[in-house]
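Engineer: Residue numbers (the working numbering): 4 to 423.
C-beta: ideal position from N, C-alpha, C; glycine also.
Quantities reported herein were computed from a predicted structural model and do not represent experimental measurements.
1) Taking the beta strand (DSSP E) that residue 116 falls in, what are its first and last residues?
2) Is the beta carbon of residue 392 sitting closer than 7 Å to the one on residue 298?
3) Taking the C-alpha atoms as reference points, what is the distance between residue 179 and residue 216?
4) Quick check on the DSSP output: the alpha helix (DSSP H) that includes residue 232 runs from which residue to which?
5) Comparing C-alpha positions only, which one of 300, 405, 154, 284 sits nearest to residue 120?
6) Run the proximity test for residue 351: is its beta-carbon closer than 6 Å to any non-hydrogen atom belonging to the ligand MG?
7) Does the region 334–352 come close enough to the region 408–422 that 3 or more CB-CB pairs lie under 8 Å?
8) Suppose the cutoff is 7 Å on Cβ atoms and the five residues either side in sequence are ignored; what does the same chain contact list for residue 228 look like?
9) What's the gap between the Cα of residue 339 and the Cα of residue 357?
10) Kindly indicate which three-state DSSP category residue 31 falls into: helix, strand or coil?
11) With DSSP as the reference, please indicate the residues paired to residue 221 in a beta bridge.
12) Helix, strand or coil: which one does DSSP assign to residue 119?
13) Work out the CA separation of residue 376 and residue 382 for me, nearest whole Å.
14) Would DSSP call residue 210 helix, strand or coil?
15) With DSSP run on the structure shown, which of helix, strand or coil describes residue 326?
16) What whole-angstrom Cβ distance do residue 185 and residue 256 have, given they're in contact under 8 Å?
17) Classify residue 313 as buried or exposed, calling it buried when 16 or more other Cβ atoms lie within 10 Å of its own Cβ.
18) Counting beta carbon pairs with one atom in the region 141–158 and one in the region 95–104, are three or more of them shorter than 8 Å?
19) Would you call the region 150–168 and the region 109–116 touching, i.e. three or more CB-CB distances under 8 Å?
20) Mind checking who residue 351 pairs with in its DSSP beta bridge?
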C-alpha cells in the first residue's frame, strides 16, 4: 500500500507514544480512518482525538481489530502482544512505524544500525551533510519519528535514519540508499530471546538493497543479505581529520560515518570540518562538570555491557569510579570485571545491582552497594581524588528507576551540578 492507497482504509496504530502519535498523524494526512490503542491511561492523547483518531486505552481487546486492514506497531510494542499476534493470525499486515514512514517518503535514506554508537554516528552524519551544504533530516531512534517528516522534509533531502532492532522487526519494503552497521553484540535479549533473532532483526535493513545501493560494514563483519556494494571500515582507517569526541569507539563511529558520507557523494573537506567540530550528543560520554579536579561523565546511554566496556576503555589513564546497574537484559556481567584497572571502583544501583556486585566481587573489584543513583554519586564524589573520573555507564536499561536513559542521565546531571 502506498500513501494514496491508504485513503479510506481502517488502520490500527498500537502504541501511542512519540512514534505512534507521529504515525497516526501521518495516516490521518493520507485520509485513513485511524484507530489508536495504548495501554497507558496517562498519555495525553487529546490532539489525536481532535484529528479524528478513534482512541482506545487500557486492556487489549480483540474487537479492536474488527474491520482493520493494517496494523502499524510502535517500536516499544513487543510482537507477542494480543493485538499484533491476532492481526498476524488473521493475515492483517503489520508494519513498523519505520515501514510506514519509508513508504510515505520519497527521500533517499541513509540507515544506521548496530548495537552501540548509532545515535552518535547518525548525528555526526547530519553535521557532515550540513557542512557540505546538503539538505538533511536526522530521524528514527534518535527521538524524531520517521513519519514526522512526511510533508515536512524538503524534496531531495537525505534522511539519516537511526534504526533499532525494535524498529526493524516489521519492515517489508525499506531499502536504504546507504546502509551502515556499526557492530553487533548481545543486547535486548529480554525481548528477542536469542542473539540470532536480535541479529536477524538488525540485518533486515540490508535485505532489499540492490547493486545500486551501498552497505557499510566493519572489516571482517559477517555477510549481510542484499546485493549492495560493500564498503568496509575500521577504527584504524586514515580520516580527513581526527574526531573531536574521545574514545576508540568514537573513532570507529567516525570511520563509519566517513565511509557512508563518501558513498553519498560528500567531499572530504566537509567530512573533516564535521569531525573537527562535532561535540557528541547528550548521555554519551558527556562531560557534565569538573568539580575539585574530578570529572563527572554521563554515559547513561550505555544500556548494555558492550557499551559500558567501550566507555571504560575511553579512560585508560584515569582512575575510575563507575556507576553501574538498572534493569538487566539477560547478559552476563563478568566481562565488565576485566575492564577495571587497579584502583578503579564500582558503585551499583537498581534491580541488577546485586548481580553486578557478585560478578565484580568475584574478580576482587571494589564494589559499593549504593542502591540509588543519588547515593552512588555522593559515595563516588567522596572517594574521588583530583584527576579521577566519576562515570555513569550503567550497562543496563533504566526502567526500574527512571522513565528512560535520558531521564537517568538528566538526574545524574542534576545531582552533579548541585554538588557543593
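Structural biologist: A quick look at the data gives this:
1) The residue you call residue 116 lines up with position 113 of the chain shown. It spans 112–116 - the beta strand (DSSP E) in which residue 116 sits, taken as one unbroken run.
2) As a position in the chain shown, residue 392 is number 389, starting the count at 1. As a position in the chain shown, residue 298 is number 295, starting the count at 1. Less than 7 Å divides the Cβ of residue 392 from the Cβ of residue 298.
3) The sequence position of residue 179 within the chain shown is 176, counting from 1. The sequence position of residue 216 within the chain shown is 213, counting from 1. Residue 179 and residue 216 have their C-alpha atoms roughly 7 Å apart.
4) Working through the chain shown from its first residue, we reach residue 232 at position 229. Per DSSP, residue 232 lies in no alpha helix (DSSP H) segment; the continuous beta strand (DSSP E) that holds it begins and ends at 232–236.
5) As a working mapping, residue 120 is identified with position 117 in the chain shown. For residue 120, the nearest C-alpha among the options comes from 284.
6) Inclusion of the ligand MG in the displayed structure is not the case, the ligand content being empty and no account of it being possible.
7) No, they do not touch.
8) Here residue 228 refers to the residue found at position 225 when the chain shown is read from its first residue. If we look at residue 228 and ignore the five residues flanking it on each side, its Cβ neighbours are 206, 209, 210.
9) Start at 1 with the first residue of the chain shown, and residue 339 comes out as number 336. Start at 1 with the first residue of the chain shown, and residue 357 comes out as number 354. For residue 339 and residue 357, the distance between alpha carbons rounds to 14 Å.
10) Counted from its first residue, the chain shown places residue 31 at position 28. DSSP, reduced to helix, strand and coil, places residue 31 within a helical segment of the structure shown.
11) Locating residue 221 in the chain shown gives position 218, counting from the first residue. 236.
12) By 1-based counting over the chain shown, the position of residue 119 is 116. Coil at residue 119, not helix or strand.
13) Taking the first residue of the chain shown as 1, we reach residue 382 at position 379. Taking the first residue of the chain shown as 1, we reach residue 376 at position 373. Cα-Cα distance, rounded: 10 Å.
14) Within the chain shown, the letter at position 207 stands for residue 210. Note: residue 210 maps to coil in three-state DSSP.
15) Indexing the chain shown from 1 puts residue 326 at position 323. When DSSP states are grouped into helix, strand and coil, residue 326 belongs to the strand group.
16) What you label residue 185 is simply residue 182 of the chain shown in a count that begins at 1. What you label residue 256 is simply residue 253 of the chain shown in a count that begins at 1. So it is a contact: roughly 7 Å between Cβ atoms.
17) If you number the chain shown from 1, residue 313 lands on position 310. Using a 10 angstroms sphere on the CB of residue 313, the tally of other CB atoms reaches 16 or more, which defines it as buried.
18) Remark: three or more beta-carbon pairs, one from each stretch, lie closer than 8 Å, so the region 95–104 and the region 141–158 are flagged as touching.
19) Yes, since at least three Cβ pairs between the region 150–168 and the region 109–116 fall closer than 8 Å, the two stretches touch.
20) By 1-based counting over the chain shown, the position of residue 351 is 348. In the DSSP output, where bridge partners are listed per residue, residue 351 has 327, 372.
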